[in-house]
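Encoded as structure tokens, the structure appears first; notes follow it.
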Amino acid sequence: MFSGIISNVGTIDQIVRKNEGATLTVSGGDDFKGFELGESIAVNGVCLTVRDSSKETFTVDLSAETLSRTCFKSIENQARVNLERALTPSDKISGHFVSGHVDCV
């Protein structure tokens, strides 16, 4: 779950489009790094799962469904994106609960 409060602004370092989706590498700056594999991060309000992480960046996969229903279908390298970490039980709730998931049948 997310609060909907943007905690940082990052930059798209690389987007690699594939047949059925894309891979996105994001630089979050000094205050937004150190992620574990499998951690959820909201990027422009979309809940994405970290599949790789370094000191400066994190990488997520975008499904074809996510691409078709979000701003990521037209995003380019060096674009600025809003970032938010998932809530933890000890976080102050100052926004509203947001799941950010793309659902389809």
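Residue numbering for the sequence shown follows the UniProt record's numbering, beginning at 1 and increasing consecutively.
Where is the CB? At the ideal position from N, CA and C, for every residue including glycine.
Quick caveat, the model's predicted, so the values are computed rather than measured.
Problem set entry | Assigned exposure category for residue 68 - 16 Cβ within 10 Å defines buried | Here residue 68 refers to the residue found at position 68 of the sequence shown. An exposed status is given to residue 68, since fewer than 16 other beta-carbon atoms sit within 10 Å of its beta-carbon.
For this session: Tell me whether residue 84 is buried or exposed, calling it buried when 16 or more other Cβ atoms sit within 10 Å of its Cβ.
Result: Your numbering for residue 84 matches position 84 in the sequence shown. Taking every protein chain shown into account, the CB of residue 84 has 16 or more other CB atoms within 10 angstroms, so this residue is buried.
Exercise. Which stretch, first to last residue, makes up the alpha helix (DSSP H) that contains residue 66?
Worked result: Residue mapping note: residue 66 aligns to position 66 of the sequence shown, counting from 1. Run containing residue 66: 64-69, per the alpha helix (DSSP H) assignment.
Exercise. For residue 20, which of 65, 78, 70, 76 has the nearest alpha-carbon?
Worked result: Numbered from 1 along the sequence shown, position 20 holds the residue referred to as residue 20. For residue 20, the nearest C-alpha among the options comes from 65.
Exercise. What distance in whole Å lies between the Cβ atoms of residue 35 and residue 50, which are believed to be in contact at a cut-off of 8 Å?
Worked result: Mapped onto the sequence shown, residue 50 falls at position 50. Mapped onto the sequence shown, residue 35 falls at position 35. Confirmed, Cβ separation roughly 5 Å.
Exercise. What's the gap between the Cα of residue 30 and the Cα of residue 55?
Worked result: Along the sequence shown, read from residue 1 onward, the residue named residue 30 stands at position 30. Along the sequence shown, read from residue 1 onward, the residue named residue 55 stands at position 55. In this model, residue 30 and residue 55 are separated by some 9 Å (Cα to Cα).
Exercise. Considering residue 21, what are the terminal residues of the beta strand (DSSP E) in which it resides?
Worked result: One-based indexing of the sequence shown puts residue 21 at position 21. Per DSSP, residue 21 belongs to the beta strand (DSSP E) from 21-27.
Exercise. Which residue or residues does DSSP assign as beta-bridge partners of residue 77?
Worked result: In the sequence shown, counting from the first residue as 1, residue 77 sits at position 77. According to DSSP, residue pairing for residue 77 in a beta bridge does not occur.
Exercise. Between residue 75 and residue 12, what straight-line distance do the alpha-carbon atoms span, to the nearest angstrom?
Worked result: Position 75 of the sequence shown, counted from the first residue, corresponds to residue 75. Position 12 of the sequence shown, counted from the first residue, corresponds to residue 12. Using only the alpha carbons, I get a separation of about 9 Å.
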